[in-house]
Amino acid sequence: MSNLSYGKLREQLVQAAHLLYQAGVMSHSGHGNMSVRLPEADRMLLTSTGQITHLKPEQLVVVTYDGEIVEGTMDPITREIVGMHACVYSARNDAQAVIHTHSPRVTSFALAHKPLPCVYEAFLRFGITEDIPVADWAPRGSLESVSFIVDQLERHPTVPAVLLANHGLLAFSS
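Position one of the sequence shown corresponds to residue 4 (the working numbering), numbered consecutively onward.
This is how it looks when you write it as structure tokens:
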């Protein structure tokens, strides 16, 4: 790994992935993806596989928001997620990390096309005062899918997440 850039950031992202999986935040299958905004304009460090249970630092790819691989390799199917991560960073200047999960509890709201209500006390303690909205469904990786996410980000500028109809959750934070 010594020849890869962002060694410390890679280690932190891998550790976060493992902790989130162990805590049950990610789906039981370990499927999901994560990214971190990089200091260079329009670049992120992204998981190059949909499986995070045994994620290794070398499985992270440096990619531009347009999907150009700067360092590493990425499966064609993983390329489909670049847009959904990139649109969050483009729309939210304060977002430094993005997580996409199919956690069963939250995905049930996405499947029902129902916003996640802001009634949970922990939400309020963390300053979340608005329901988590649902972005309409479109095929994963499509421009339409990304536009539905952006629409919700623009309509709800304070929420830290967007449910993806028929799919899962996209969460982000500074």
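Don't be surprised by glycine CBs; every beta carbon is placed ideally from N, CA and C.
Along the chain, where does the beta strand (DSSP E) containing Ala-125 start, and where does it finish? Along the sequence shown, read from residue 1 onward, the residue named residue 125 stands at position 122. Looking at the DSSP string, Ala-125 is not in any beta strand (DSSP E); the run it does join, the alpha helix (DSSP H), is 124 to 128.
Taking DSSP as the reference, what is the three-state secondary structure of Leu-16? Here residue 16 is taken as the residue at index 13 of the sequence shown, counted from 1. Three-state DSSP puts Leu-16 in a helix.
Give the range of the alpha helix (DSSP H) segment to which Arg-82 is assigned. Position 79 of the sequence shown, counting from 1, holds the residue named residue 82. Its alpha helix (DSSP H) spans residues 79 to 82.
May I have the straight-line CA-CA distance separating Tyr-9 from Val-73, to the nearest angstrom? Taking the first residue of the sequence shown as 1, we reach residue 9 at position 6. Taking the first residue of the sequence shown as 1, we reach residue 73 at position 70. Tyr-9 and Val-73: Cα-Cα distance of roughly 13 Å.
Helix or strand or just coil, what does DSSP make of Ala-44? As a working mapping, residue 44 is identified with position 41 in the sequence shown. It is coil, neither helix nor strand.
Which runs of the alpha helix (DSSP H) spanning at least 4 residues fall entirely within the region 140 to 164, listed in chain order? 146 to 158
Identity of the residue in Met-47, Ile-55, Ser-111, Asp-134 nearest Ala-89 by Cα: As a working note, residue 89 is residue 86 in the sequence shown. Looking at the Cα atoms, Met-47 is the closest of the given residues.
If Thr-104 and Val-28 are in contact, beta carbons under 8 Å, what's the gap, nearest whole angstrom? In the sequence shown, counting from the first residue as 1, residue 104 sits at position 101. In the sequence shown, counting from the first residue as 1, residue 28 sits at position 25. Thr-104 to Val-28, Cβ: 7 Å. Contact.
Can you grab the Cα-Cα spacing for the pair Thr-50 / Ser-148, in whole Å? Here residue 50 corresponds to residue number 47 of the sequence shown, with the count starting at 1. Here residue 148 corresponds to residue number 145 of the sequence shown, with the count starting at 1. Looking at the two C-alpha atoms, the distance is approximately 20 Å.
Could you tell me if Tyr-24 is buried or exposed, where buried requires 16 or more neighbouring beta carbons within 10 angstroms of its beta carbon? Here the question's residue 24 lines up with position 21 in the sequence shown. With 16 or more Cβ atoms within 10 Å of its Cβ, Tyr-24 is classed as buried.
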